[in-house]
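Residue numbers (the working numbering), protein chains in the order written: chain A, 1 to 243; chain B, 1 to 268.
Positions of the beta carbon are idealized from the N, C-alpha and C atoms, including for glycine.
Quick notes on the structure that follows.
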């Protein structure tokens, strides 16, 4: 039955090696994000540099997962839940690679901000990081345990991240309008916040993939979305009225 | 009819089709042994339906019910209804010989008669008196060989013996022989299991083409073959139909755990 192993046990080993690599890659991506945010909070350029360098290991794991998945496809001709597992691994690996890229980009901006005279510490930033970090760890747990319910729970969480990003976006725009000397650092900060918001989007994607992998169908309802920054405009009067 | 009310969940999400054969509550016994239990199956018109399942699951027994081949087995008893175009083939007054002309069969091992290629194909039309004269018979033989994709390989040796052909050619000759009596349905019992991959590909290509004009039911042990060529797949296990549905659905997200276990190679 599907709960038990394959008659050909090496098939199980192949699939397990692939899934373990996903979990390893996810763990690495999670710690990359953590280091990037920590480096920002502590203004720790060394940690930021290490984070940028750490991205290569994630890329390597992605290649290794791709190779494992291609091998299973070629040699085992997987079907049904096995097929869904292999296709999911390919897609999840690609998404995790993006997650790590965004983290590395945050770290790069931390290095750039070192030259900025003063950076506003914004409480929303570490909070976003925290929420997204938890999304990553819960997604990995859902993946490891084939837990579609937990994946669904993560899937619904992205709205909160979007809302935090909206408020940060508005706040940073306001700072820039107040004093043009803020523009350079605030622009970096906006990109950093956007990066975290994008990581949240990718985790939502991965959660969707896990739901498909486990149940055979992706969620049909519309994805919860809260990012309104693409339609946001702020004027002088908004600042004066304190909106 | 009870069987219509009790549609199993596994058959819910199928694309719509016209049934050419409806099997309802079919039970088959060999003496005291029950080989099939309450099999309900709708065979779609002009499509390929594959029957899959482990050895001894009843898929070949079911196939052989469809043209009453089981009548020749001592102690075999068939209960339930099998409707071909709405008429019960086990009903009174059904001529089995005519039935087998409408429901042709191709076997696992190519079994040409020890006759010429021409006579192999002409055999059915002769028995059933389908051709009025020699010219008509010639026409039937050539058309059947053409439909079976064999004509180019044999047109210069129609009077050589059928057994002189290669395995794959022999199987296509058997298909031509089945086509010659103008059947509506073709049953195939593992038609490629004795063939190499190239011959298999040719037969599969042929089956694909034939579905334009015939409804085809194929028993196969090759999951890949079922996935490649059929539009419907029925999974048999221990004499029951566990799940039947669109092939794509069965091979990407089957509803029943047993189906999943079997097709992914985790069974037993």
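Can you give me the C-alpha to C-alpha distance between residue i and residue j, rounded to a whole angstrom?
i: residue 119 (chain B); j: residue 97 (chain B); result: 19 angstroms
i: residue 14 (chain A); j: residue 142 (chain A); result: 20 angstroms
i: residue 183 (chain A); j: residue 125 (chain A); result: 18 angstroms
i: residue 260 (chain B); j: residue 37 (chain B); result: 21 angstroms
i: residue 4 (chain B); j: residue 40 (chain B); result: Residue confidence for residue 4 (chain B) is low, a pLDDT of 35 falling below 50, so the modelled location carries little weight; the figure read from the coordinates is stated next. Each residue's Cα considered, the two are about 9 angstroms apart.
i: residue 53 (chain B); j: residue 152 (chain A); result: 35 angstroms
i: residue 159 (chain A); j: residue 165 (chain A); result: 10 angstroms
i: residue 7 (chain B); j: residue 202 (chain B); result: Here the model assigns residue 7 (chain B) a pLDDT of 42, short of 50, so the residue's position is not dependable, and the following value carries that caveat. Distance between the alpha carbons of residue 7 (chain B) and residue 202 (chain B): 37 angstroms.
i: residue 1 (chain B); j: residue 42 (chain B); result: Low confidence applies to residue 1 (chain B): its pLDDT is 35, below 50, so where it sits in the model is not reliable, and the reading given next is rough at best. For residue 1 (chain B) and residue 42 (chain B), the distance between alpha carbons rounds to 15 angstroms.
i: residue 155 (chain B); j: residue 166 (chain B); result: 15 angstroms
i: residue 95 (chain B); j: residue 67 (chain B); result: 11 angstroms
i: residue 223 (chain B); j: residue 61 (chain A); result: 32 angstroms
i: residue 256 (chain B); j: residue 203 (chain A); result: 30 angstroms
i: residue 210 (chain A); j: residue 76 (chain A); result: 21 angstroms
i: residue 72 (chain A); j: residue 78 (chain A); result: 7 angstroms
i: residue 10 (chain A); j: residue 265 (chain B); result: 12 angstroms
I need the DSSP call for residue i, collapsed to helix, strand or coil.
i: residue 80 (chain B); result: strand
i: residue 234 (chain B); result: strand
i: residue 194 (chain B); result: coil
i: residue 126 (chain A); result: helix
i: residue 247 (chain B); result: helix
i: residue 152 (chain A); result: helix
i: residue 16 (chain B); result: coil
i: residue 97 (chain B); result: helix
i: residue 163 (chain B); result: helix
i: residue 33 (chain B); result: strand
i: residue 48 (chain B); result: strand
i: residue 244 (chain A); result: Past the boundaries of the shown model lies residue 244 (chain A); chain A is included only from 1 to 243, so the question cannot be answered.
i: residue 7 (chain B); result: Because the pLDDT of residue 7 (chain B) is 42, which lies under 50, any placement of that residue in the model is unreliable, and the number read from its coordinates should be weighed accordingly. If DSSP states are grouped into helix, strand and coil, residue 7 (chain B) belongs with coil.
i: residue 179 (chain A); result: coil
i: residue 41 (chain B); result: strand
i: residue 88 (chain B); result: strand
i: residue 241 (chain B); result: strand
Is residue i near the ligand MN - that is, is its Cβ less than 7 angstroms away from at least one heavy atom of it?
i: residue 28 (chain A); result: Among the ligands in the structure shown, none appear at all, so the ligand MN cannot be discussed.
Quick one, are the C-beta atoms of residue i and residue j less than 8 angstroms apart?
i: residue 125 (chain B); j: residue 142 (chain B); result: no
i: residue 171 (chain B); j: residue 110 (chain B); result: yes
i: residue 183 (chain B); j: residue 102 (chain B); result: yes
i: residue 172 (chain A); j: residue 190 (chain A); result: yes
i: residue 19 (chain A); j: residue 80 (chain A); result: no
i: residue 136 (chain A); j: residue 29 (chain A); result: yes
i: residue 208 (chain A); j: residue 218 (chain A); result: yes
i: residue 61 (chain B); j: residue 28 (chain B); result: yes
Taking Cβ-Cβ distances shorter than 9 angstroms, what residues in chain A pair up with residue i?
i: residue 223 (chain B); result: 77, 79
i: residue 236 (chain B); result: In chain order: nothing, as chain A lies at least about 16 angstroms away.
Residue range of the beta strand (DSSP E) that residue i falls in?
i: residue 186 (chain B); result: 185 to 189
i: residue 23 (chain A); result: Note, residue 23 (chain A): premise wrong, no beta strand (DSSP E); alpha helix (DSSP H) at 9 to 41.
i: residue 25 (chain B); result: 19 to 30
i: residue 216 (chain B); result: 215 to 219
i: residue 106 (chain B); result: 103 to 106
Strictly below 8 angstroms CB to CB, what residues from chain A border residue i?
i: residue 264 (chain B); result: 2, 6, 78, 79, 80, 81, 82
i: residue 227 (chain B); result: 79
i: residue 251 (chain B); result: 79, 80, 83
Closer than 8 angstroms by beta-carbon distance: list the chain B residues that pair up with residue i, in chain order.
i: residue 11 (chain A); result: 265
i: residue 129 (chain A); result: Those within 8 angstroms of residue 129 (chain A) in chain B number zero; the least Cβ separation is about 36 angstroms.
Mind listing the chain A neighbours of residue i? Cutoff is C-beta to C-beta under 7 angstroms, in chain order.
i: residue 254 (chain B); result: 80
Using a C-beta to C-beta distance shorter than 7 angstroms, which residues of chain B count as neighbours of residue i?
i: residue 26 (chain A); result: By Cβ distance, chain B contributes nothing, its closest Cβ being about 24 angstroms from residue 26 (chain A), past 7 angstroms.
Taking residue i as part of the alpha helix (DSSP H), name the residues at either end of that continuous run.
i: residue 69 (chain B); result: Careful: residue 69 (chain B) lies outside any alpha helix (DSSP H) and carries neither H nor E.
i: residue 185 (chain A); result: 183 to 215
i: residue 231 (chain A); result: Neither: residue 231 (chain A) is in no alpha helix (DSSP H) and is coded neither H nor E.
i: residue 244 (chain A); result: In the structure as shown, chain A starts at 1 and stops at 243, and residue 244 (chain A) therefore has no counterpart that could be examined.
i: residue 125 (chain B); result: 117 to 127
i: residue 356 (chain B); result: Nothing can be reported for residue 356 (chain B), as the shown portion of chain B is limited to 1 through 268.
i: residue 65 (chain B); result: 59 to 65
i: residue 70 (chain A); result: 45 to 76
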